[in-house]
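Some notes on the structure that comes next.
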């Protein structure tokens with residue numbers, strides 16, 4: 303009898319551990335843990351309507367046969383964003399639309415005080431009847447249209463935005479492209495963020511492209527995230543990097559608006575005074591701070607996610623003299639309850655090139671102002687004395 307009781311108790315405990323609670327969106331938001339970054343122990347089945355989404359789907363990074371989508375939900379149809387579904391698993395290969403009624407199953411996470419279910423499972427209960435227009439626009443027109451959206455809202459319509467890259471194209475380890483499209487009429491940035499192109503697509507500054515997706519107002523920056531990007535025309539624009547030291551680079555950034563970036567490319571020479579983020583083999587990059595004088599480091603300029611081969615990782619050490627070539631940006635994050643001091647930092651844009659310098663090499667480069675630098679297919683190529691070199695000094699044959 304005792305053995306039977308013990309087995310029954312264990313069975314009840316196992317059923318309790320795997321119990322799933324059916325709730326509304328409002329109840330799910332109320333169940334969010336108080337501490338940011340924490341998630342519930344229990345699994346919830348949340349029923350509600352899709353109220354906001356960019357319409358884009360993407361294969362799961364753990365199982366490419368499953369498509370995922372990011373969206374917001376509420377208990378009634380409308381635009382209220384009560385619960386976020388972050389890259390959740392779709393039952394098929396069609397995107398969810400605003401007005402669809404679904405259930406979303408998963409644990410509830412406190413993501414910066416936003417209730418969220420990450421990688422949850424979607425079941426579609428009702429499909430809404432929707433008609434989505436596709437609107438052609440220039441980068442400037444997209445910025446104007448996106449500026450009418452509320453912060454963190456997507457447009458209802460899909461846009462095909464054409465323009466030329468105002469800087470390099472940064473490609474992540476999943477083959478997604480992030481780049482800015484030029485608009486001389488506005489200080490606001492239009493960005494194609496983590497967009498998918500055809501396999502092997504290589505883009506460089508000045509290339510003409512078309513980006514397709516819903517507009518997104520990300521804290522004042524207008525972007526299409528997780529959309530599609532196509533090459534229209536290659537450019538042979540000659541890029542001359544502006545040679546500066548660290549203090550000069552910081553002075554340039556100080557003139558930018560919050561979270562703004564330069565159109566020009568800068569080649570910043572200085573010393574590595576500290577490592578901000580160790581070398582990542584997965585992403586092939588490293589982040590570090592630079593200074594003009596190792597005796598008086600200022601920590602004002604971060605070389606952010608600079609591209610680096612694994613074989614060169616040990617060359618980035620405190621005291622190494624380097625040159626980083628990239629756009630500059632001003633990273634600004636307002637103070638919060640969790641972080642009472644605002645962050646206002648000069649950075650190089652992710653994906654910059656690094657060159658390792660000896661003292662003699664630095665002197666030689668500083669006197670060779672006639673060296674020409676071009677971005678070819680997104681890579682910095684240096685033309686000097688009739689020869690072609692990579693940014694790390696390797697001659698190209």
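Residue numbers (the numbering used here): 303 to 699. Where is the CB? At the ideal position from N, CA and C, for every residue including glycine.
Residues bridged to residue i [DSSP beta-bridge criterion]
i, result
"residue 375", "352 and 385"
"residue 631", "563 and 649"
"residue 593", "573"
"residue 582", "587"
"residue 406", "348 and 424"
"residue 361", "369"
"residue 656", "626"
Residue i and residue j closer than 9 Å at C-beta
i, j, result
"residue 578", "residue 604", "yes"
"residue 340", "residue 411", "yes"
"residue 400", "residue 427", "no"
"residue 420", "residue 389", "yes"
"residue 516", "residue 461", "yes"
"residue 495", "residue 363", "no"
"residue 544", "residue 568", "yes"
"residue 503", "residue 481", "no"
"residue 351", "residue 378", "yes"
"residue 385", "residue 417", "yes"
"residue 606", "residue 593", "no"
Alpha-carbon spacing of residue i relative to residue j, whole angstroms
i, j, result
"residue 321", "residue 497", "38 Å"
"residue 514", "residue 463", "6 Å"
"residue 599", "residue 402", "55 Å"
"residue 355", "residue 512", "21 Å"
"residue 637", "residue 555", "20 Å"
"residue 639", "residue 338", "12 Å"
"residue 526", "residue 450", "15 Å"
"residue 508", "residue 565", "11 Å"
"residue 325", "residue 618", "52 Å"
"residue 662", "residue 478", "Residue placement at residue 662 is poorly supported in this model, since its pLDDT is 40, which falls under 50; the coordinates still yield a value, given next. Whole-angstrom Cα-Cα distance: 39 Å."
"residue 455", "residue 520", "8 Å"
"residue 700", "residue 423", "Not covered by the structure: residue 700. The range shown for the chain is 303 to 699."
"residue 641", "residue 632", "18 Å"
"residue 558", "residue 541", "21 Å"
"residue 735", "residue 660", "With the chain covering 303 to 699 only, the question about residue 735 has no answer from this structure."
Check: Residue ranges of each beta strand (DSSP E) run of no fewer than 3 residues wholly in the segment 465-553, ordered along the chain?
Finding: 478-483, 492-498, 510-520, 523-527, 530-535 and 544-547
Next item on the list: Indicate whether the contact test is met: 3 or more Cβ pairs, each with one atom in the segment 608-615 and one in the segment 579-595, closer than 8 Å.
Entry: yes
Notebook entry, point to check: Is there contact between the segment 537-546 and the segment 477-492, where contact requires at least three CB pairs shorter than 8 Å?
Noted result: no
Notebook entry, point to check: Does the pairing of the segment 549-561 with the segment 432-439 give three or more beta-carbon distances under 8 Å?
Noted result: no
Margin query: Quick test of the definition: if touching needs 3 or more C-beta pairs under 8 Å, does the segment 643-655 touch the segment 616-624?
Written below: no
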